[in-house]
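Student: If you number the sequence shown the way the working numbering does, the last residue is 143 and the count never jumps.
Ideal Cβ positions, reconstructed from N, Cα and C, are used throughout, including at glycine.
As the structure is a prediction and not an experimental result, all values here were calculated from the model.
The structure's right below; bear with me while I get my questions together.
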Amino acid sequence: MLPRFPRARSRDEQLNKLGGSSHSGIQEYDVLIIGSSATGAYIALHAATRGLKVAVVGRNDFSSSTRQHPI
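Encoded structure:
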């Protein structure tokens, strides 16, 4: 049986949520992942599916460094 995941929010929805979700400006996370490569995104998913609160900080959008090479 495959796990079910909630709908992924758009980038704008995520940024809006991060920008105004805390009255004190301080948020606590269980895991901080630096780098939003495919590996970083996988680790974030892996941690979040185990109930951890995860923050990912990256220079670009998720998996932006993933390359596709023709065979």
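Between which two residues does the beta strand (DSSP E) containing Ile98 stretch?
Tutor: Element bounds for Ile98: n/a, residue is neither H nor E.
Student: Start and end of the beta strand (DSSP E) containing Ala127?
Tutor: Residues Val126 to Val129.
Student: For Val128, collect the residues of the same chain with a Cβ closer than 7 Å to its Cβ; drop the 5 residues on either side in sequence, then sort them by chain order.
Tutor: Here the set comprises Ile105, Ser108, Gly112 and Ala116.
Student: Would you mind working out which of Ala80, Lys125 and Ala110 sits nearest Tyr101, comparing C-alpha positions?
Tutor: Among Ala80, Lys125 and Ala110, the Cα nearest to that of Tyr101 is on Lys125.
Student: Judging by CA-CA distance, which residue of Tyr114, Pro75, Arg83 and Ala119 is the nearest neighbour of Val103?
Tutor: Closest option to Val103, Cα to Cα, is Ala119.
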